Structures are given as structure tokens and as C-alpha cells.
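According to our numbering, the sequence shown is numbered sequentially starting from 34. Taking it in order: structure first as C-alpha cells, then the write-up.
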Amino acid sequence: MAPTNDGHITEKNPSKGPGLQVKCAPVLTGAGVVHNGPSIDQFTEESFIHKAMDIIIEDAVKKATDVKEKVCEWRDPEQLKELLDLELREGGEAQSQILQRCRDAIRYSVKTGHPRFFNQLYAGMEPYSLVGSFITEALKPSLYTYEVAPVFTLVEEAVLKKMIEFVGWEEGDGLFNPGGSVSNMYAINVARYHHCPDVKELGLSAIPRLAMFTSQECHYSIAKAAAFLGIGTKNVYVIPSDKRGKMIPEQLEEKIMTAKNEGAVPFMVNATSGTTVLGAFDPLEEIADICDKHNLWLHVDACWGGGALMSKKHKHLLKGIQRANSVAWNPHKMLMAGLQCCAFLVRDQEGLLRRCHSASASYLFQQDKFYDISYDTGDKSIQCSRKADAFRFWLMWKALGTTGLEDRVNSALSMARYLTDEINKREGFRLLIEPEYANVCFWYIPPSLRSMPDSAEFWQKVHTVAPTIKERMMKKGSMMVGYQPHGDKANFFRMIIISPRVNKEELDFFLDEIHHLGKDL
């Protein structure tokens, strides 16, 4: 349909044969709205999309992954507000201005696809996943019913089935959702429903005081989920971890008995495969034995470490995961699927997810549809609208194959090993612990401190080093890496290696740049 020179709208009329058009006269309503008028200029829209895509390819794909470009064009918040002109006004802006808004948004954003971005548990530009994201954003499917998202419903089912296979289950269920924190919330809610089905209809007043258990190194989403679901953060029993960050099974057993003696009813244990800071993997076999003994639901937060399941060389890190009742796994982390791509998996084929979350909305989940309604998966979710996140992972997996994903994991961990060896060789660098995953944690000791003995004063001075170096690298735009204190440990750098664009040359630059930015401190 397109406007003609006289203001009419022409449209194809199938009854008059292909290509034949009829004119529809514009009608002005009493409200001042034109019906059948040229309300949308399709040519202008398409032109804008083409021009915007050119900017995206040039600035957000090519330049943002070029090692010669900056990781970040840093500006302070008030300065950036002025540069971006964030105010929303009555009238719209010209296309040229909008295209400039696109350029500015890209220019002043952190380039997480850059080879020298090491700051988070995700990194790198993944072309197949990126194209998958373009497709789903253009089509805007929502995964509540097969009728509105036929392709993407089947894609999600296929991806979940394959992930379940890699976990080691013969069968299972699951869904993709917005973030690993939400996956962990699903786990707690499903475990509680499994233990106390009456909670869905009767609420918290109908169930006893429940207790759950997790390590001191677990993700903060566990405490948030306990608060959100009404379990209460004080009913989350925190289990000590050893020096490597792994849950101590004997301490878990003791805490379970403590909770029972305090009148609480234990119902689940959260184990972590790949902790956020140290990259530690809890001993799943021993934890599973304890869960079996006390009839507790075992959830494994493998959001970060789940990628190791793709590698024959490294999957031993998650030994015992097949004994879990549920698993959270984020392909957008180690496997580099675009944000967000997060799966919650449950070892169940009896409709537990659906029974726990179903509201049977009659306008979506009609029982008399003309197709197999088992493909209407939306009632398993706490969401209504749900994005087709599995598609970007599926397209990437199709392109690379399982072997390509395995190579990606092996490459990242090989580079982490190289960096560790280099840190051990270089004066002024000190490891926190020997890593077993892609988290490499270390201190940089400037020359001025290298002759000082380890003491409270020494560590107080070291504590100020990482924040200063971080500020300098951000303002320079040379690279980006995170730092933090941990327990009684002074601030240290937490280097995360994921992207296959990271090679030995980049890691040598990284260590050289840390020294260059901090040698005068």
C-alpha cells in the first residue's frame, strides 16, 4: 500500500488479479484523523532502516571490535547528558538528527565486543547470534503460543532438548527467560511448589517456615529471590566455602541439622558451578548425596560454568550435575550468545513447570485450537510476553556446530592458563588463587610497594591500586577489567577471558598496560 500524488492510497486487490490496484479515497473523521490517508511513509521508514543498519555495521560491529579503537569513550554523567540531549519533546526530530542519535549512542557506549573488554562474564561480538537478534527484533515474536510464534516455539524446544542432553538427563523440561537471576528464582519457586503444592493457592500462611541452603560464594540473586518469594533472607542458610571458593559439604550437613533444630523445614540446596568472582565449582556429587539423604531439591546455578559442559576436556568441572533437579545455564556468557540468553532446566516430564505457574488464560490458551496445544508453552512461564532468546543461540549452534562451541570453551580456558603463567613470571603481579576456569584474579604491586613486607599497612596501600588503575584505563579507553575486594582480601583485578578474539598478544598487552598505568603509584 502506498500514497499516490493526489493523496489517495492504492492497494492491491486480489479479486482483480495480481498487480491490479484500486484507489481508496481519504476520509477525514470528526476527530481529525485521516482514514485511508498517507499516515505512514513506507519509503522513508525503509530508507531510515537502511541508513541505520549502515551505521550499526560500521560503528557497532566493525569499529567496536577493532583493537585499534577505544573500548570506551568515557564521559562523566552530567557531561554525557549534555552530549546526548536526552530531553523528550512534543515534536519529532528530522531523520538526520535521529541517525546522529544512533551514532552518539554507539560512540559513548562500552564496546563489549572489543578484544580488550574483560570486565563481565560476557564478552565478544558473535555474528550469527547478532543476526539472530536482528531477525527476532524485526519479527517481534512472543513465545506464549505456537500460533503467534511457530518457528521460535519449535526452536526453543529443540535447543532445550539439546541442553538437557548435555546436562546428562534422559528427559526434562525448561524455558528461556530474562536472566540467570530469574532462572534462580524459578528454581526456588518450583522447588517450593514441589515440596508444598498448597502454596500456590493458599499462600505462605499454609506452609511451614522453609529453609534453603547455599554457599557464601553464591550469586546474590539467591537472597533476592528468597526475599521476593516471601521465604525471607534469614531463612537462607549460608554455607562456608573453602579457600578455593567451593562449598564445604560437611558444613552443609551441619547447617541442615541446625535449621531442623530451629524448627525450620529444609526444602532445597543451591550449588554453584562457576562462582562470579573466583570461578569456583561446588562439589556436586557430595552435595547430591546430602540432598538425597535429606530429600532436598538440588538446584545448580551453572549460569557461568555451564559452558564447560560443551567441552570434553573441561566438563569434569560439573561432575554430578546430572543428579540435580534443576539447572540454570546462560549461553550468553561463555558460549557468547547475545544478551539475553538464559535457560532454566528442570529434570521433570510431568508438567511441574506448568502446574506451578499455570493461570490458564482463556484468551491465549484455548483448549479447542486446531493444532496440538502442547506446543503452547506460555503457561509454564511467570511472564506473558516472552522473547525468542533461544533463536540466537540456535542459529549460532547451527553455524558452528557442537565442535565449534567446544573449541570456543577450550580456547578461552587455554588463554586463561597462558595469562596465569605470565602473571606467575612477572615481577609485581601476584595471583589470588590458581584459577580452574576463566576467572583470573590477581594483584598488581607497584614498584614503590615491592620491598614492603606483607602487613596491614602494605595491604591498605595495595587496596588503593586497582581502583586508580581502573579509572586511568577507562578514561584512556585502552581496555576494561573489573576489580573488587573479597572477604578480607584487598582490592584485586578479576580478569574474565571469553572471546576467541583474545590471543596471547592481547594478554601480553593487558599485563603491560596494567604496569604502565600503575607503575607510578
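Cβ coordinates follow ideal geometry from the N, Cα and C atoms, glycine included. None of these values were measured; they are calculated from a predicted model.
Asked: Residue(s) in a DSSP beta bridge with H332; Found: N303 and S359
Asked: Exposed unless 16 or more other CB atoms sit within 10 angstroms - verdict on N328; Found: exposed
Asked: Spatial distance of A260 from V215 (CA atoms); Found: 13 Å
Asked: Contact check, E469 vs F300, beta carbons under 8 Å; Found: no
Asked: Bridge partners - W476, DSSP secondary structure assignment; Found: R463
Asked: Alpha-carbon to alpha-carbon, H227 and L386; Found: 10 Å
Asked: Proximity below 8 Å, CB of K366 to CB of Y155; Found: yes
Asked: At least 3 beta-carbon pairs within less than 8 Å: the region 101-115 vs the region 499-515; Found: yes
Asked: Alpha-carbon spacing of H548 relative to Q517, whole angstroms; Found: 18 Å
Asked: Closest residue to E383 among D118, G124, I89 and D206 (Cα-Cα distance); Found: D206
Asked: Rounded separation between S238 and T453 - CA only; Found: 52 Å
Asked: Expected contact under 8 Å - CB spacing of I289 and V269 to nearest Å; Found: That pair is no contact at about 13 Å.
Asked: Distance between G338 and I272 (C-alpha atoms, nearest Å); Found: 20 Å
Asked: Assigned secondary structure, V498 (DSSP; H/G/I helix, E/B strand, else coil); Found: helix
Asked: Exposure label - P480; buried when at least 16 CB within 10 Å; Found: exposed
Asked: Supposed contact pair C251 and D334 - C-beta distance, whole angstroms, cut 8 Å; Found: 7 Å
Asked: F475 and F491 closer than 8 Å at C-beta; Found: no
Asked: Touching by the beta-carbon criterion (3+ pairs, under 8 Å), the region 188-201 and the region 420-427; Found: yes
Asked: Run of the alpha helix (DSSP H) containing L208, from where it starts to where it stops; Found: Taken as a continuous stretch (DSSP letters only), L208 belongs to no alpha helix (DSSP H), being part of the beta strand (DSSP E) at D206 to N210.
Asked: Best match in L119, H519, R441 and F525 for proximity to K276 [C-alpha to C-alpha]; Found: H519
Asked: Span of the alpha helix (DSSP H) around K195; Found: P183 to V200
Asked: Proximal residues to S162 (C-beta, below 6 Å), its chain only, five neighbours per side dropped; Found: A370, G371, R425 and M429
Asked: Distance CB(F150)-CB(M513) smaller than 8 Å; Found: yes
Asked: Inter-residue spacing [alpha-carbon to alpha-carbon] between F543 and I456; Found: 11 Å
Asked: Exposure of S306, with buried meaning 16 or more beta-carbon neighbours within 10 Å; Found: buried
Asked: Start-to-end residues for the beta strand (DSSP E) that takes in G515; Found: M513 to H519
Asked: C-alpha gap between V164 and V94, whole angstroms; Found: 12 Å
Asked: L116 to K96 span [Cα, whole Å]; Found: 20 Å
Asked: Environment of L540 [buried if 16+ CB atoms lie within 10 Å]; Found: buried
Asked: C-alpha gap between D92 and A127, whole angstroms; Found: 21 Å
Asked: Straight-line gap, Y451 to K537 (C-alpha atoms, nearest Å); Found: 7 Å
Asked: In DSSP terms, what T247 is bridged to; Found: V271 and N303
Asked: Per DSSP, the bridge partner or partners of I529; Found: N472
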